[in-house]
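One structure is given here, and the rest of the page talks about it.
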Amino acid sequence: WNTYKNWINSYRDLPILCNQWANVFRWEMRTRLFLRTAEFLWQEGHTAHATREEAEEEAVKMLNVYAEFAEKYMAVPVVKSVKSANERFAGALNTYTIEAMMQDGKALQSGTSHFLGQNFAKAFDVQFVNKENKLEYVWATSWGVSTRLMGALIMTHSDDNGLVLPPHLAPIQVVIVPIYKNAEMLAKIDEKVAGIVAKLKSMGISVKYDNADNKRPGFKFADYEVKGVPVRLVMGGRDLENNTMEIMRRDTLEKETRSCEGIEEYVKD
């Protein structure tokens, strides 16, 4: 806010939008992993506007940005709401929030957007000359999310086997694991899988072919389930003969065997 005073003189200087990512430290007596920790990564924004209407519009817009990210990319359903007078951010006229819905029916506050009115501007004496050539206090907002979103992601999707990552966020979207008896069979599977890997990558899908021989297939299956890889493809000797692959979805754990023909489109869908 002291910096605002150096930046803002006229309505022509507005609006101003500041965004930052920063590590935040808090003295938490009772920490809870991913939800309430002593140190966390925080994205926060601050804006200053010439009119009340612009500031309120910005606060609601950012709430919608957070809601869209949660639902579209994290696949986490959220409820958009307004905090009561007792719960709103100190000094704010309104606090808007997204509440992520957990598997047990509980709600987790996952992002907030505050309409600050002119309260902070008056406290820090941040004024500007408006179009009528009169001094006026700026109208402000602030909004933010943190690594608590990771907690929401884990609590919403994961199960006793580990993470369940939505495809939009998964660093590996598809993993392919071969099952073979000898080097000759592996070479044939490698050749068959190479074309599938290339086509999946050309479709913008992140894929890993794990043909390392230092771990058994069962270990690999469990490892990628823990990591939450959305789709697993498996090809063994019989699959090689029948031109098929086994597909498993991480979210439902359902398995099915399908022809290799068109399997890339099926995976994408």
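Per our numbering, the very first residue in the sequence shown carries number -11; after that it's consecutive.
A virtual CB, placed ideally from N, CA and C, is assigned to each residue, including glycine.
Please read these numbers as outputs of a predicted model, since none were measured by experiment.
Here Val165 is buried, its C-beta having at least 16 other C-beta atoms within 10 Å. Restricting attention to Lys(-7), Asp1, Gln31 and Arg24, the CA atom closest to the CA of Asn11 is found in Gln31. DSSP places Phe209 within a helical segment (H, G or I) once states are collapsed to three.
Comparing alpha carbon positions, the residue from Tyr254, Cys248 and Lys(-7) closest to Asp113 is Lys(-7). Considered as a whole, the stretch 164 to 236 harbours 195 to 197 and 219 to 223 as its complete beta strand (DSSP E) runs of no fewer than 3 residues, in chain order. Taking C-alpha positions only, Phe108 is separated from Phe207 by approximately 56 Å. In the structure shown, Ile160 adopts coil according to DSSP, grouped into three states. Rounded to the nearest angstrom, the gap between the Cα atoms of Val181 and Gln91 is 37 Å. Cβ-Cβ distances below 8 Å link Thr35 to Pro3, Ile4, Leu5, Cys6, Ala43, Glu46, Ala128, Thr129 and Ser130 in the same chain, with the five nearest sequence neighbours on each side left out; the list follows chain order. Between Tyr84 and Ser101, the CB-CB gap stays under 9 Å.
Residue pairing for Val67: DSSP places it in a beta bridge opposite Glu87. Annotation: the continuous alpha helix (DSSP H) that includes Leu137 extends over Arg136 to His145.
In this structure, the CA atom of Pro159 is about 29 Å from the CA atom of Ala171. Listed in chain order, the non-local C-beta contacts of Gly33 below 6 Å within the same chain comprise Asn7 and Trp131, local neighbours out to five positions each way being set aside. DSSP places Glu244 inside the beta strand (DSSP E), whose first and last residues are Lys243 to Ser247. Relative to Glu120, the option among Leu137, Ile142, Arg0 and Leu174 whose CA is nearest is Arg0. For Ala10, the enclosing beta strand (DSSP E) has its first and last residue at Ile4 to Phe13. Contact annotation: Val185 and Tyr168 have beta-carbon atoms that are not nearer than 9 Å. Closest by C-alpha distance to Lys68, out of Glu27, Leu81, Val48 and Asn74, is Val48. Annotated three-state conformation of Glu124 is strand, per DSSP.
Counting other Cβ atoms within 10 Å of its Cβ, Asp227 reaches 16 or more and is therefore classed as buried.
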